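Below is one structure, written out as structure tokens; the observations come after it.
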Amino acid sequence: MAGRGRGKAAFPEVRHQLRRPKEDPEDAAEPKGDSKRDENKQQPPSTPVDAAPVKVEKEIRGLCSQFKYLQASDSNFDKALSAVNEKLKTSKDIDDVVNSMYEICLLGPDQALGTCQAMTRLSNVEIDGCKLRTKLLTRLQQEFEGFEEKAESSPQAFLSNTVFLCEYYTQYLLHGAPVNSLKAPVWRYLEFMLQSRKPYFLNQCFRLVQSKVGFL
């Protein structure tokens, strides 16, 4: 057949690596004189190098978990936000914050509102060319893709995502720096909720429009 044998011919440059010559008994024997010296060699540590980023990620997730119960009007909000901000040292830390906050956001409308208020305040953070705002907008784009199916399979997460997006969009409008790329997705979400004719979505849609009147 025409396709037979192509897998072997596709990478001829690695064939010689797969054909290992047979070892002679003398080559296979372990040198006696070096055995003690090898035993005395100090092996380099392996786990601490990998443990540090994991530890930081857990700490960031722990700090972000406070926003399950916090709103911007709460007295501890600024303190919790400062603790998160001080923990951001690398571009990976930014990824961890965005992912952790958005996981909390999807738990419900209240969590979506609180995490959005926090992420809006952190949006100007930039480390080594990595911008938190850009990472967040990328996540919003990912959530927007195929949202109709997501709304059917997980209406609670869809609603939380809508609340987050509306709040994020209006916060920037209030500060005179609109994110125009978010306007169309906001209206697409609201239109979908209205046309669904489902009481749960309709109530939330009217509530969002009423609270954001003049900004959407």
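In the UniProt record's numbering, the protein residues as written are 1 to 216.
Don't be surprised by glycine CBs; every beta carbon is placed ideally from N, CA and C.
Nothing here was measured: the structure is a model prediction, and the numbers come from that model.
Residue burial annotation: Pro-199 is exposed, with fewer than 16 other C-beta atoms found within 10 angstroms of its C-beta. Lys-68 and Gln-195 have their C-alpha atoms roughly 30 Å apart. The way I'd put it, the segment 108-122 does touch the segment 80-90; three or more beta-carbon pairs between them come closer than 8 Å. Per the coordinates, the alpha-carbon of Leu-122 lies some 8 Å from the alpha-carbon of Arg-133. Bridge pairing for Ile-127: Cys-130 [DSSP].
In this structure, Thr-170 places its C-beta atom within 7 Å of the C-beta atom of Lys-212. Cα atoms of Glu-148 and Phe-192: separation of roughly 8 Å, rounded to the nearest angstrom. Boundaries of the alpha helix (DSSP H) harbouring Ser-160: 155-174, taken from the DSSP string. About 6 Å separates the CB atoms of Leu-165 and Pro-185; that is less than 8 Å, so the two are in contact.
Cβ contact annotation for Tyr-172 (same chain, cutoff 7 Å, sequence separation greater than five): Pro-178 and Val-179, in chain order. A direct Cα-Cα distance of roughly 10 Å separates Leu-113 from Leu-106. The Cβ-Cβ distance between Ser-154 and Pro-109 does not fall below 7 Å. Contact between Val-54 and Asp-93 does not hold, since the beta-carbon distance rounds to 12 Å and is not under 8 Å. In the DSSP assignment, Asn-203 falls within the alpha helix (DSSP H) that extends over 199-211. Ser-100 is positioned such that its CB atom lies no closer than 7 Å to that of Cys-130. For the set Glu-145, Leu-190, Ser-75 and Glu-59, the Cα lying nearest the Cα of Val-97 is the one of Glu-59.
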